[in-house]
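Some notes on the structure that comes next.
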Amino acid sequence: MPLILISEDGEDTIQREGHMRWGEGFVLVYDITDRGSFEEVLPLKNILDEIKKPKNVTLILVGNKADLDHSRQVSTEEGEKLATELACAFYECSACTGEGNITEIFYELCREVRRRRMVQGKTRRRSSTTHVKQAINKMLTKISS
6 MPLILISEDG EDTIQREGHM RWGEGFVLVY DITDRGSFEE VLPLKNILDE IKKPKNVTLI
66 LVGNKADLDH SRQVSTEEGE KLATELACAF YECSACTGEG NITEIFYELC REVRRRRMVQ
126 GKTRRRSSTT HVKQAINKML TKISS
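Those letters in the sequence shown? Residues 6 to 150, by the numbering used here.
Written as structure tokens, this is what we have:
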């Protein structure tokens, strides 16, 4: 499964939105030492919702820089609360020290995307089968009339 990392800093909006259209799973990352970055998560999620219709995507919320707890501006509880509102998993980690098992975050994202693909595939197959059955029934009804 290919993964693309998109940074809010300096990326062309059109290019970022193109990646959002293509993506099936997203890790929304904020800096625990920067309240402004935390406050950008919800607007970014709203943009994602506008681009990804239906809004059936996999999300994980991550508070980064957990090694800088002494400079924390966003509490763990605030991150957990936002993750609950977004109906997604929540992690805190440090890209600098590796604290919080960053690899596991991406494994979790991939597992959830695969799970959603399987569920959606079964739903699509069922709905296709239902449409075929309905079409056959209509044809049989017309023939027998």
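A virtual CB, placed ideally from N, CA and C, is assigned to each residue, including glycine.
Exercise. Using the beta-carbon count (16 or more within 10 Å), is C93 buried or exposed?
Worked result: The residue labelled residue 93 in the question sits at position 88 within the sequence shown. C93 comes out buried.
For this session: Rank G41, E29, I65 and L66 by C-alpha distance to the C-alpha of K57 and give the top, closest one.
Result: Here residue 57 is taken as the residue at index 52 of the sequence shown, counted from 1. When only C-alpha atoms are compared, the closest one is E29.
For this session: Can you tell me the Cβ-Cβ gap for C98 and V67, rounded? I've got them flagged as a contact below 8 Å.
Result: Mapped onto the sequence shown, residue 98 falls at position 93. Mapped onto the sequence shown, residue 67 falls at position 62. Right, the Cβ-Cβ distance comes to about 6 Å (below 8 Å), so this counts as a contact.
For this session: State the beta-bridge partners of V118 as determined by DSSP.
Result: Along the sequence shown, read from residue 1 onward, the residue named residue 118 stands at position 113. Per DSSP, none; premise fails for V118.
For this session: Please classify A71: does DSSP put it in a helix, a strand, or coil?
Result: One-based indexing of the sequence shown puts residue 71 at position 66. Residue state, collapsed to three classes: helix.
For this session: Identify the continuous beta strand (DSSP E) that holds V166 and give its terminal residues.
Result: Residue 166 cannot be examined here, being either before or after the span of the chain that is shown, 6 to 150.
For this session: Given a cut-off of 8 Å, decide if L47 and F31 are closer than it, judged by their beta-carbon atoms.
Result: The residue labelled residue 31 in the question sits at position 26 within the sequence shown. The residue labelled residue 47 in the question sits at position 42 within the sequence shown. Cβ distance not < 8 Å, so F31 and L47 don't count as in contact.
Exercise. What residues in its chain sit with their C-beta under 6 Å from that of I37, if we drop five residues either side in the sequence?
Worked result: Stepping through the sequence shown from its first residue, residue 37 is reached at position 32. Excluding residues within five positions, the ones whose Cβ falls inside 6 Å are G68, K70, R77 and V79.
Problem set entry | Chain-order list of residues whose beta-carbon lies under 7 Å from that of L114 (same chain, five-residue window excluded) | Along the sequence shown, read from residue 1 onward, the residue named residue 114 stands at position 109. Answer for L114: G30, V32, T63 and I65, listed in chain order.
Exercise. Exposed or buried, what is K86 when buried is set at 16 or more other beta-carbons lying within 10 Å of its beta-carbon?
Worked result: Along the sequence shown, read from residue 1 onward, the residue named residue 86 stands at position 81. Burial call: exposed.
For this session: Could you tell me if V34 is buried or exposed, where buried requires 16 or more neighbouring beta carbons within 10 angstroms of its beta carbon?
Result: The sequence position of residue 34 within the sequence shown is 29, counting from 1. Per the 10 Å Cβ criterion, buried.
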